[in-house]
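At position 352 of the sequence shown (counting the first as 1) the number is 870 in the numbering used here, and the numbers step up by one without a gap. Even glycine gets a Cβ: it sits at the ideal position worked out from N, Cα and C. Have a look at the structure below, then the notes.
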Amino acid sequence: MTTVRTRFAPSPTGYLHIGGLRSALYAYLFAKKNGGDFILRIEDTDRERFVEGATELIYRTLKDVGMYWDEGPDVGGEYGPYIQSERKDMYLPYAEQLVREGKAYYCFCSKEELEQRREEATARGETFKYDKHCLHLSQEEIQEKLNAGVPYVIRQNIPESGEASFDDIIYGHIAVDCKDLDDTILIKADGMPTYNFANVIDDHTMGITHVMRGNEYLASTPKYNLLYEALGWEKPVYIHMTQIMRDAQHKLSKRDGDASYEDFTSKGYLKEAIVNYVALLGWNPGDDRERFTLDELIDAFSIKGMSKSPAIFDPNKLTWLNAEYIRDLSPQEFTSHALPYYEKAGIAHMDKDILSSILQPRVEIFSQIPEMVDFLANLDEEYSIELFTNKKSKTNPEVSRSVLEMVIPILEALPSWDTTLIHDTLISLAQEKEMKNGTLLWPIRIAMAGKQVTPGGAVEIAALLGREETLRRLKLGLSKL
Ligand code: GLU
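Set out below in structure tokens:
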């Protein structure tokens, strides 16, 4: 049996879209599940779309999530080079072979001529399709133009009638009328192949057995199959994936501003949660499991579980999953992920063990941290005294005033500012005064935070703020009452 070989073939256009990440993931999972090889190929023949640094971004992302490739530009392999621009000279001989066999032809039509014919077709209410003008040039005319150095492209000679088709694992039999197909450019005037040609040559010469990619290529694949047939090559198995949608009508797109891997990591999503969620976009394990590590995904993955209908990207589900992953971090891991956000919130000098212990159960996305703890670095001193009123804690401004009056000197006199000591002192004070803990703690927390909802209680907040700042805030609270 031949070894399964899949590939991820991104174009370095500056961005790894969630859809691209999913294509890479499924190709990786399918290869690994079947003991096969996962190949990375960089498709950079469209120089106009090329973005500096984009290739490195692709490497970084795949490595970050643990999808290591068996062959690729940096690791090499038997079928290299793995960057299309470095394979430039490999394509022309195949195109010339097709020209000799009448399956492709030189086209010398200039941009202006084509534009004019396009306009004429539009005026007649037709969609422009290349009219095979150059197919009818004589051998001498062709030679003359080549000798004169007239720029040319090479076009695929698509039959004028009949059907081109292929079978896709997800979509089934796809057939198109040849008369609806354009004579695609295979080699551009700059000598570079188009994607339409290069993907066929590369997939074949790299021994790719299963082509897994987005369904935007579904309509062109019959044309690619004609090329396989023309070249006498065995076709790969095609697995086209459904779209990822923002909602029932709209594709998830770059314009949504949050559709790339980096968009999510920079918002404070964990890579494990992103990969896990992306895996579930268009695939399900056949049971109700939702949590998977990459290795568990390899184990569970099968083409059968891939969906035939579009996947809807649900940010709430991703957030939920992310929160689950956050809960499972060790306190140290949590702190190291949270640290940049502590810095942003101006609280990185505070006790990180306490910070993390109050935040880990509540945070769903790390970027929520600064807003959740804004009061620690900056008290909104204009808070309303209404906040001191709380039914459940049996507090109102009056009660709060007497609590603060009583507590301030006691806290001032503490020999050290230690969490346990603060806790025990306040709790025994409540007991001594026969008060509910809440009645004592509520006014303290309000005076320290200036808001009713805070992560952590009065003791933790006092420990975080330190003696001086705690007392300053308590006195400020008292002065309002
Ligand atoms: N370079 C193409 C893209 O980025 C890859 C398509 C394919 O996998 O064949 O969309």
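Below 8 angstroms CB to CB, which residues in the same chain sit around residue i once its five sequence neighbours on both sides are set aside?
i      : result
Ile557 : Arg523, Thr524, Arg525, Phe526, Trp587, Asp588, Glu589, Gly590, Gly595, Tyr597, Tyr600, Met724 and Ile726
Asp721 : Arg525, Val729 and Pro754
Leu736 : Asp686, Tyr689, Ile692 and His758
Gln615 : Leu749
Ile962 : Val921, Leu922, Val925, Leu944, Ala976, Ala980 and Leu992
Lys969 : Phe893, Asp898, Tyr901 and Leu905
Below 6 angstroms CB to CB, which residues in the same chain sit around residue i once its five sequence neighbours on both sides are set aside?
i      : result
Tyr648 : Asp700 and Asp701
Arg668 : A quick correction: the sequence has Val, not Arg, at residue 668. Counting only Cβ-Cβ distances below 6 angstroms, and skipping sequence neighbours, we find Phe626.
Arg605 : Pro599
Pro828 : Thr760, Gln761 and Met763
Lys862 : Pro888
Tyr746 : Lys753
Asp592 : none
Asn955 : Ala948
Thr579 : Leu534 and Tyr779
Glu633 : none
Taking DSSP's pairing of strands, which residues face residue i in a bridge?
i      : result
Cys625 : Val671
Ser778 : His535
Ser911 : In DSSP, Ser911 forms no bridge with anything.
Gly554 : DSSP lists no partner for Gly554.
Ser683 : Ala693
Tyr756 : Asp686 and Val729
Below 7 angstroms CB to CB, which residues in the same chain sit around residue i once its five sequence neighbours on both sides are set aside?
i      : result
Lys706 : Val671 and Thr712
His651 : Cys627
Asp765 : Ile830
Thr531 : Arg567, Val569 and Ala572
Ser843 : First, the residue type needs correcting, since residue 843 is Tyr and not Ser in the sequence shown. Leu788, Glu790 and Ala791.
Ser997 : none
If we ignore side chains and look at the alpha-carbon of each, how far apart do residue i and residue j end up?
i       : j      : result
Val1020 : Gly680 : The first residue shown for the chain is 519 and the last is 999, placing residue 1020 beyond what the model contains.
Phe819  : Val796 : 13 angstroms
Arg731  : Tyr756 : 8 angstroms
Gln878  : Ile872 : 10 angstroms
Glu574  : Arg559 : 13 angstroms
Asn794  : Leu812 : 8 angstroms
Asp898  : Lys909 : 23 angstroms
Ile576  : Met585 : 11 angstroms
Ser848  : Ser875 : 10 angstroms
Glu916  : Glu987 : 23 angstroms
Gly823  : Ile964 : 52 angstroms
Arg673  : Lys621 : 9 angstroms
Ala967  : Ile536 : 39 angstroms
Val617  : Asn675 : 9 angstroms
Lys581  : Arg845 : 24 angstroms
Report, in whole angstroms, the separation of the C-beta atoms of residue i and residue j, which I expect to be a contact under 8 angstroms.
i      : j      : result
Leu547 : Leu932 : Rounded, the Cβ-Cβ distance is 57 angstroms, inconsistent with contact.
Lys912 : Thr957 : 5 angstroms
Ser778 : Tyr533 : 5 angstroms
Phe856 : Phe884 : Inspection of the sequence shows that residue 856 is occupied by Ala rather than by Phe. Correct: roughly 6 angstroms between the Cβ atoms.
Leu799 : Glu808 : Actually they do not touch by this definition, with Cβ atoms about 12 angstroms apart.
Met710 : Thr563 : 5 angstroms
Could you tell me whether any Cβ in chain D is nearer than 7 angstroms to the Cβ of residue i?
i      : result
Pro591 : No chain D is part of this structure, which consists of one protein chain only.
What do you reckon, is the C-beta of residue i under 6 angstroms from a heavy atom of the ligand NAP?
i      : result
Arg567 : Among the ligands in the structure shown, the ligand NAP does not appear; only the ligand GLU can be found there.
For the structure I just gave you, are there three or more beta carbon pairs, one from the stretch 553-571 and one from the stretch 838-845, closer than 8 angstroms?
no
Contact between the stretch 684-691 and the stretch 707-715 is defined here as three or more beta-carbon pairs at a separation below 8 angstroms; is this criterion met?
no
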